[in-house]
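First comes the structure, then the notes that go with it.
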Amino acid sequence: MKVTIVICSQTGNTQKLGELVSSKLMESGHVVNLTPLVSDPPLDQSKAVAARNLRITNLPDVSSADIILIGGPVWAFRPYPLLLKAMLDLSPMLKGKRVLPFVTHAFPFAWMTGNSSLNTLRKMAAKAGAQVLPGAVLSGSGKPGLERYTEAAAKICAQVQ
Ligand SMILES: Cc1cc2nc3c(=O)[nH]c(=O)nc-3n(C[C@H](O)[C@H](O)[C@H](O)COP(=O)(O)O)c2cc1C
-18 MKVTIVICSQ TGNTQKLGEL VSSKLMESGH VVNLTPLVSD PPLDQSKAVA
32 ARNLRITNLP DVSSADIILI GGPVWAFRPY PLLLKAMLDL SPMLKGKRVL
82 PFVTHAFPFA WMTGNSSLNT LRKMAAKAGA QVLPGAVLSG SGKPGLERYT
132 EAAAKICAQV Q
């Protein structure tokens, strides 16, 4: 299967998860394209920026992908602004596509901002006409050890079929 992974990551946690997912999927024989998004201006956490005012400079063409995975962090109880902008910019290409959103966040339980942010992304993908998969939340992203990352990666990979 052709898998496109779109990553929005400020401090590397979501990118680490995306890379784990990518390696696991390639080991299983999938063809993976992973794109860490870049914005202009770069996001600065000390300044509130509305998602619509960001310009993504490297949005991938997802038209030939069989499935699109898109992930990023939770910021201030919501998906990271660049992740929201990526969903908006990709929307015209998502109709009929399988879309799997995922988020990483620092609080230890998914009900603390993780689930609600994932649901926001799932609703955006559904509005764009995508076939939305359950997706995944990685909580406690700053805790030491890889266990949370390997668990979340396994959960994501199990949905890629
Ligand atoms: C400005 C800012 C706001 C954040 N807000 C939340 C939040 O509301 N809930 C939460 O659990 N984590 C929050 N975090 C933590 C990040 O979601 C977490 O560290 C995430 O894994 C970062 O992903 P990244 O390294 O891919 O950027 C916040 C971090 C920053 C910098």
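Under the numbering used here, the first residue of the sequence shown carries the number -18, and numbering increases by one thereafter. Heads up, the beta-carbon is just placed ideally off N, CA and C, and yes, glycines get one too. Owing to the predicted nature of the structure, the values given are computational and were not obtained by experimental measurement.
What number of angstroms, rounded off, separates the C-alpha of residue i from the C-alpha of residue j?
| i | j | result |
| --- | --- | --- |
| residue 135 | residue 80 | 17 Å |
| residue 94 | residue 105 | 17 Å |
| residue 130 | residue -3 | 8 Å |
| residue 98 | residue 65 | 10 Å |
| residue 128 | residue 121 | 11 Å |
Can you determine whether any heavy atom of ligand 1 sits closer than 8 Å to the C-beta of residue i, and answer yes or no?
| i | result |
| --- | --- |
| residue -6 | yes |
| residue 56 | yes |
| residue 126 | no |
| residue -11 | yes |
| residue 99 | no |
| residue 88 | yes |
| residue 227 | Coverage of the chain is limited to positions -18 through 142, which leaves residue 227 absent and any answer about it impossible. |
| residue 123 | yes |
Can you give me the Cβ contacts of residue i inside the same chain, cut-off strictly under 6 Å, excluding the 5 residues immediately before and after it?
| i | result |
| --- | --- |
| residue 101 | 60 |
| residue 11 | -18, -16 |
Mind checking whether residue i and residue j have CB atoms under 9 Å apart?
| i | j | result |
| --- | --- | --- |
| residue 119 | residue 62 | no |
| residue 87 | residue 116 | no |
| residue 50 | residue 83 | yes |
For residue i, count neighbouring C-beta atoms within 10 Å of its own C-beta (all shown protein chains included) and say buried if the count is 16 or more, exposed if not.
| i | result |
| --- | --- |
| residue 18 | buried |
| residue 26 | exposed |
| residue 31 | exposed |
| residue 15 | buried |
| residue 3 | buried |
| residue 73 | exposed |
| residue -10 | buried |
With a CB to CB cut of under 8 Å and the five nearest residues on each side skipped, what residues in its chain are close to residue i?
| i | result |
| --- | --- |
| residue 6 | -16, 13, 138, 141 |
| residue 39 | 16, 18, 19 |
| residue 41 | -15, -13, 14, 16 |
Counting contacts by CB-CB distance shorter than 9 Å, is residue i in contact with chain C?
| i | result |
| --- | --- |
| residue 139 | Although the question refers to chain C, the structure presented lacks it and comprises just one protein chain. |
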